[in-house]
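**Student:** Sending over a structure as structure tokens; questions will come in a sec.
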Amino acid sequence: MEQVFGSLFTLEGFFTLSMLVFLQAVLGFDNLLYISIESKRVAPESRGMVRKVGLAVAIVLRIVLLFVIIKAVAALQEPLFDFDIEGIFKGIFSGHALIVLLGGVFIIYTAVKEISHMLVVQDFDAEGGGATRSVATSIALIVLMNLVFSFDSILSAIALTDDFLIMAIAIVISGLLMIWLADHVANFLEKNRMYEVLGLFILFIVGILLVSEGGELAKIELFGNEVHAMAKSTFYFVLCVLVLVELVQTQYKKRLLASQAPSNGKKVS
């Protein structure tokens, strides 16, 4: 028992655990956005349960995935097949590259579909309260995308430590934080529906990030140009700019409406 838990009760072990929890929390933000948007597709009374059950199952499967990746990390990096259309498209695809690429494509599809739906919907109140997907389907999608989002964070964790216990505890702690935060994020978006657009565009950029990472992993070349992963610093910079623009625009809109109110009142009298 002491050999199993000994590394955890050291300064190095505690520091590594703290770093991993922080890493999982930062990388889990885009996951929370997806969960909040996906849970809206079920009946209102089931949304909280869908988020909690989906994340709880995902925590267990993340630990299983961690164990599998540790054992099969080399195999996942091995090329499975290559594709070459001379001068147009070239790529060497591994299991890791395919998982990241397909996850990114699915996220882009989800964001574009939701944005398109926002532009054509007639009754926002009815749209927000209706169920368009079964509870089981939503839970399955939340679990699946949680695993896609967790893939790179698990590989990053393996780069920091080879202690399975520390990594598993970090996954559990970050998962519990996500269960707690998921309802808060969903409730915020429900009460401030204008921010749904911001969330969807952030999700779209996350999809681009994943596709670019998968493209680099697969050594994809388009018309002779190599695809490179979007730098994380670029992603966070774009994220900050989007949030800042939304905040400034919201405050400006409030001040504009407030300044117009008195003049409208004079015209009525």
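With the numbering used here as the guide, the letters of the sequence shown map in order to residues 18 to 286. From the three backbone atoms N, C-alpha and C, an ideal C-beta is built for every residue, glycine too. Because the structure is a prediction, the values reported are computed rather than measured.
1) Determine the direct distance from the alpha carbon of isoleucine 222 to that of alanine 235, and round the result to whole angstroms.
2) Give every residue of the same chain whose Cβ lies closer than 8 Å to the Cβ of phenylalanine 84, excluding the five residues on either side of it in the sequence, and list them in chain order.
3) How many angstroms separate the CA atom of leucine 274 from the CA atom of proline 96?
4) So does the stretch 49-58 actually touch the stretch 205-218, counting three or more Cβ pairs closer than 8 Å?
5) Cα-Cα, which of Val129, Ser155, Leu37, Gln94 is closest to isoleucine 186?
6) Following the continuous beta strand (DSSP E) through isoleucine 102, name the residue where it begins and the one where it ends.
7) If you drop the 5 nearest sequence neighbours on each side, which residues of the same chain put their C-beta closer than 7 Å to that of glutamine 20?
8) Assuming arginine 79 contacts serine 155 (C-beta within less than 8 Å), just tell me the rounded distance between them.
9) Hey, is the stretch 127-134 in contact with the stretch 247-259, meaning 3+ C-beta pairs nearer than 8 Å?
10) Apart from the five residues just before and just after lysine 88, which ones in its own chain have a Cβ nearer than 7 Å to its Cβ?
11) Could you tell me the distance, in whole angstroms, from the CA atom of aspartate 200 to the CA atom of glycine 232?
12) Buried or exposed for isoleucine 102, please, with buried defined as at least 16 other CB atoms from any protein chain shown within 10 angstroms of its CB.
13) Going by DSSP, what residues sit across from glycine 108 in a beta bridge?
**Tutor:** Taking the structure as given:
1) 20 Å
2) Cβ neighbours of phenylalanine 84 beyond the five flanking positions: Phe181.
3) 58 Å
4) Counting C-beta pairs closer than 8 Å gives three or more between the stretch 49-58 and the stretch 205-218, which meets the contact rule.
5) Leu37
6) Isoleucine 102 -> beta strand (DSSP E) spans 96-102.
7) Residue placement at glutamine 20 cannot be trusted, given a pLDDT of 46 that sits under 50; what the coordinates show is reported in the next sentence. Within the same chain, glutamine 20 has no close Cβ partners at all.
8) 18 Å between Cβ atoms; not a contact.
9) At 8 Å Cβ cutoff, the stretches do not touch.
10) none
11) Going from the Cα of aspartate 200 to the Cα of glycine 232 covers about 34 Å.
12) exposed
13) Phe100
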